[in-house]
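> Residue numbers (this note's numbering), protein chains in the order written: chain A, 742 to 1019; chain B, 742 to 1019.
#1: For residue 949 of chain B, does the count of other Cβ atoms within 10 angstroms reach 16, so buried, or fall short, so exposed?
#2: DSSP three-state call for residue 970 of chain B: helix, strand or coil?
#3: Within its chain, find whatever has a CB closer than 6 Å to the CB of residue 746 of chain B; leave out the 5 residues flanking it on each side and keep chain order.
#4: Starting from the beta carbon of residue 759 of chain A, find every residue of chain B whose beta carbon is closer than 7 Å, and list them in chain order.
#5: Take residue 818 of chain B and list the residues in its own chain whose beta-carbon comes closer than 8 Å to its own, dropping the five residues that flank it on each side.
#6: For a contact meaning CB atoms closer than 9 Å, what does residue 997 of chain B contact in chain A?
#7: In or out: residue 779 of chain A buried (at least 16 other Cβ within 10 Å) or exposed?
#8: Taking its Cβ as the centre, do 16 or more other Cβ atoms sit within 10 Å of residue 981 of chain B, making it buried, or is it exposed?
#9: Quick check: is the beta carbon of residue 836 of chain B nearer than 8 Å to any beta carbon in chain A?
#10: At the level of alpha carbons, what is the spacing between residue 702 of chain A and residue 894 of chain A?
#11: Does the CB of residue 862 of chain A have a neighbour CB from chain B at under 8 Å?
#12: Relative to the alpha-carbon of residue 907 of chain A, which residue among A:823, A:803, A:751, A:865 has its alpha-carbon at the smallest distance?
#13: Hey, out of A:870, A:857, A:774, A:814, whose CA is closest to residue 987 of chain A's CA?
#14: Are the CB atoms of residue 801 of chain B and residue 959 of chain B within a distance shorter than 8 Å?
#15: Out of A:965, A:1014, A:790, which one is the CA nearest neighbour of residue 938 of chain A?
#16: Going by C-alpha distance, which of A:793, A:744, A:868, A:812 is nearest residue 963 of chain A?
#17: What residue does the alpha helix (DSSP H) around residue 944 of chain A start on, and which one ends it?
#18: Closer than 7 Å by beta-carbon distance: list the chain A residues that pair up with residue 781 of chain B, in chain order.
#19: Between the alpha carbons of residue 1058 of chain B and residue 767 of chain B, how many angstroms are there, rounded?
#20: Just verifying my parser: in three-state terms, what is the DSSP assignment at residue 743 of chain A?
#21: Any beta carbon from chain A within less than 8 Å of residue 956 of chain B's own beta carbon?
#22: What are the start and end residues of each continuous alpha helix (DSSP H) run of 4 or more residues lying completely inside the region 758 to 827 of chain B, in chain order?
#23: Thinking just about the alpha-carbon of each residue, which of A:885, A:808, A:774, A:803 is nearest to the one in residue 853 of chain A?
#24: By alpha-carbon positions, which one of B:797, B:1001, B:1012 ends up nearest to residue 805 of chain B?
#25: At which residues does the beta strand (DSSP E) containing residue 830 of chain B begin and terminate?
#26: I need the DSSP call for residue 1015 of chain B, collapsed to helix, strand or coil.
#27: Classify residue 744 of chain A as buried or exposed, calling it buried when 16 or more other Cβ atoms lie within 10 Å of its own Cβ.
#28: Hey, residue 855 of chain A and residue 887 of chain A: beta-carbon distance below 8 Å or not?
#29: Anyone know if the C-beta pair for residue 845 of chain B and residue 872 of chain B falls short of 8 Å?
#30: Output yes or no for whether 8 Å exceeds the beta carbon distance between residue 784 of chain A and residue 764 of chain A.
#31: Mind listing which residues of the region 964 to 975 of chain B have their C-beta closer than 7 Å to chain A's C-betas, in chain order?
#32: Would you list, in sequence order, the uninterrupted beta strand (DSSP E) runs of no fewer than 3 residues that lie entirely inside the region 848 to 930 of chain A?
#33: Express the C-alpha separation of residue 1011 of chain B and residue 882 of chain B in angstroms, rounding to a whole number.
Below you can see the structure in the form of structure tokens.
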């Protein structure tokens, strides 16, 4: 028997992966959760029928959501992660020696449990003594912690279901308040190829709140179209003004200091999406 | 009834697209050829069960295989295209006012016929008076035309079947001979994510022949992993030394002068594939 996991990435486009074994399936309080072992990408976490992360390509997403903002700040000590229950973002944040405390606020504790059990390469940082894990509402946490963080990373699912509120201008205002005076944040903001209007709308919302707003891109093989965007809102530091020669060497498979700036060099069709607010 | 076109991009990974209509299917002397009208990507050309180009995302591949080398040369007058029967590469080459002659050598005339009939937005340049279309063997053409071209573009299918000979060091030697003293060439060279060893091997072969060898990347939604590589071999001009401020404005949806250099900024895992020869 051949088992294939098939996902509709859009209503007219799908990805399908040959499965070695279904490791875990459950319905949590918030979503459907599965861990599959696939031949091409190794073990993968699937939430509500959408691939979140896989052993083979997770390094791209996690390195890019973390190192671009943390090296833009330069000296981050307190970092909040909203979502990110798989732990990959925590693992990358902990590579920065300046970081004293990481607070991870994940709404669904079952994601953390599944990742600890089935994705130890990704979740390995969650037990670090610098990390505080809160099972709860990230929107509420951000609202209640003013001026507390140097960097906030919004490592969420797609803007449906539990993550919807993480893509609103009101949330970005609260993130602004949760940051210190030189703070900045990054959120994953979907595919500019398939969701151009959404990317433009988020960029406008973030621009309305933060003096510096920048979009950067990477390529994630298991996400729709590959093209994936991250939006940065910053109070003081501009990622394009960073002296990349001063970025120290850290162990990465994707990120490099040169890539730090080139990730912000947008193809014309993406540039046009955000241009009016840049 | 719902019709879906499914393609195994690797033996364990597939892409599947909902089809509005099957416009054309034939077995040519060289390959199986189909033109499908899909909901997500519009009309697409499929050769031997692999998506070659689609109305929606073709601009990325065609702009990147053309404008990076042509603006690296600066004053290309004679350009050869090996393969590329759909015409998209010709269309982009013709945007360069310095170009006096384009010779397209496509082994399979049926690809040209199908593209003219079903993909007029892509094939539109093929009737231009500056273009000579040769239905024949590109390897032979290159061997027989020494010192004739400023730029050679190898716009081939995957390295199986008719295109195999286009990925050999012997072919690159003949390309070197076919170029003028300041000539350069670019070839599409597969996915560094799925075919890393192949990319490294081609890079070595090209480095053995050309004094300047560079790899650059783009993201193509309908190709395996999205990540796609192009390898440039050049006798004189280095794409990284181009003064991008002098690149004139041309009508593009993907390429920009800024992207000209940033496309060569490789993620670490790709950099490591080519590093020993750079």
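Glycine is no exception: its CB is placed at the ideal position from the N, C-alpha and C atoms.
Note that this is a predicted model, so its numbers are computed, not measured.
Taking the geometry as given:
#1: Exposed, since its Cβ has fewer than 16 Cβ neighbours within 10 Å.
#2: strand
#3: For residue 746 of chain B, where only same-chain residues beyond five positions count, the Cβ hits under 6 Å are 758, 760, 777.
#4: 753
#5: 839, 840, 841, 842, 891
#6: 1006, 1007, 1008, 1009, 1012
#7: So residue 779 of chain A counts as buried.
#8: exposed
#9: no
#10: Residue coverage of chain A in this structure runs from 742 to 1019, which leaves residue 702 of chain A outside it and unanswerable.
#11: Closer than 8 Å: no.
#12: If we check each option's Cα against that of residue 907 of chain A, A:823 comes out closest.
#13: In this structure, A:814 is the residue among A:870, A:857, A:774, A:814 with its C-alpha nearest to the C-alpha of residue 987 of chain A.
#14: yes
#15: Comparing Cα-Cα distances from residue 938 of chain A to each of A:965, A:1014, A:790, the minimum goes to A:1014.
#16: A:793
#17: For residue 944 of chain A, the enclosing alpha helix (DSSP H) has its first and last residue at 937 to 950.
#18: 751, 753, 754
#19: Not covered by the structure: residue 1058 of chain B. The range shown for chain B is 742 to 1019.
#20: coil
#21: no
#22: 799 to 814
#23: A:774
#24: B:1001
#25: First-last for residue 830 of chain B: 829 to 834, but that is the alpha helix (DSSP H), not the beta strand (DSSP E).
#26: helix
#27: exposed
#28: no
#29: Yes, Cβ-Cβ distance for residue 845 of chain B and residue 872 of chain B is below 8 Å.
#30: yes
#31: 966, 967, 968
#32: 872 to 876, 890 to 896, 920 to 929
#33: 32 Å
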